[in-house]
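Numbering (UniProt numbering), first residue to last: 1 to 174.
As structure tokens, this is what we get:
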């Protein structure tokens with residue numbers, strides 16, 4: 001790779017690192033081509049970009065970004081997964097892949113909201129429910145007080161009608 005190509009890769013990666021909401025680093029050593037292809041397909045479905053880039057180029061690209069905190073992890077074979085939308089989806093795919101593989105595909109670290117996270121934190125992120133489930137739960141809990149209030153308001157006239165019916169029945173019985 002000549003100097004111009006390297007500069008182009010650094011510029012491109014710098015832009016991608018600035019746009020990414022979350023970044024995950026993994027050691028891909030020992031992966032077969034079929035495994036790498038399967039991982040790329042799963043990440044693509046989750047709208048996550050997966051690349052293998054030289055550590056020195058990643059280090060240069062991360063300068064002047066909050067992703068520079070990942071510099072200590074740029075050692076050995078490094079693959080980078082960039083999530084521009086949903087960091088949980090990327091964590092889910094990477095964690096699942098790491099568990100299923102017999103080769104030593106390991107997560108090194110990640111960066112979420114400007115903070116470095118460990119492989120254990122990535123696993124905890126992967127264990128979270130999906131964004132849609134969290135939104136549905138939040139809407140359900142926001143809706144519950146209104147639903148309960150309507151139930152109480154509807155119960156008042158019903159109780160009044162039952163009380164009148166009981167009085168009518170008592171007077172008819174006398």
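Even glycine gets a Cβ: it sits at the ideal position worked out from N, Cα and C. Remember, it's a predicted structure, so these values are computed and weren't measured experimentally.
For residue 112 and residue 22, I'd like the C-alpha separation in whole angstroms. Translated into the one-based positions of the chain shown, residue 112 becomes position 112. Translated into the one-based positions of the chain shown, residue 22 becomes position 22. Straight-line Cα distance between these residues: approximately 5 Å.
Should residue 24 and residue 122 be called a contact, given that it needs their Cβ atoms to be closer than 8 Å? Within the chain shown, residue 24 is the residue found at index 24, counting from 1. Within the chain shown, residue 122 is the residue found at index 122, counting from 1. Against a cut-off of 8 Å, the Cβ pair of residue 122 and residue 24 comes out as a contact.
On the three-pair Cβ rule with 8 Å, is the region 91 to 100 touching the region 37 to 45? yes
What residues match up with residue 83 in a beta bridge as DSSP calls it? The residue you call residue 83 lines up with position 83 of the chain shown. Residue 83 is bridged to 22, 48.
Taking 7 Å as the cut-off, is the CB of residue 110 close to at least one heavy atom of the ligand NAP? By its list of ligands, the structure shown contains no ligand whatsoever, and the ligand NAP lies outside what it can speak to.
Measure the alpha-carbon distance for residue 240 versus residue 132 and round it to whole angstroms. It is not possible to answer for residue 240, since the shown part of the chain is limited to 1 through 174.
How many whole angstroms separate the CB atoms of residue 31 and residue 149, which I take to be in contact at a CB cut-off of 8 Å? Looking up residue 31 in the chain shown gives position 31. Looking up residue 149 in the chain shown gives position 149. In fact, because the Cβ distance is near 56 Å, the residues do not count as touching under 8 Å.
Short of 6 Å in beta carbon distance, which residues of its chain neighbour residue 16, apart from the five on each side in sequence? Order them along the chain. Within the chain shown, numbered from 1, the residue matching residue 16 stands at position 16. Within the same chain, residue 16 has close Cβ partners 82.
Cut-off 8 Å between Cβ atoms - residues of its own chain near residue 129, not counting five sequence neighbours on either side: Numbered from 1 along the chain shown, position 129 holds the residue referred to as residue 129. 137, listed in sequence order.
CA-CA distance, residue 13 and residue 71? If you number the chain shown from 1, residue 13 lands on position 13. If you number the chain shown from 1, residue 71 lands on position 71. Between residue 13 and residue 71, the C-alpha separation is close to 14 Å.
Give a yes or no on whether the C-beta atoms belonging to residue 126 and residue 116 are separated by under 8 Å. Mapped onto the chain shown, residue 126 falls at position 126. Mapped onto the chain shown, residue 116 falls at position 116. No, these two residues do not count as a Cβ contact at 8 Å.
Candidates 67, 11, 34, 10, of which the one nearest residue 103 by Cα: To locate residue 103, count along the chain shown from 1; it is residue 103. Of the candidates 67, 11, 34, 10, the one whose C-alpha sits nearest the C-alpha of residue 103 is 34.
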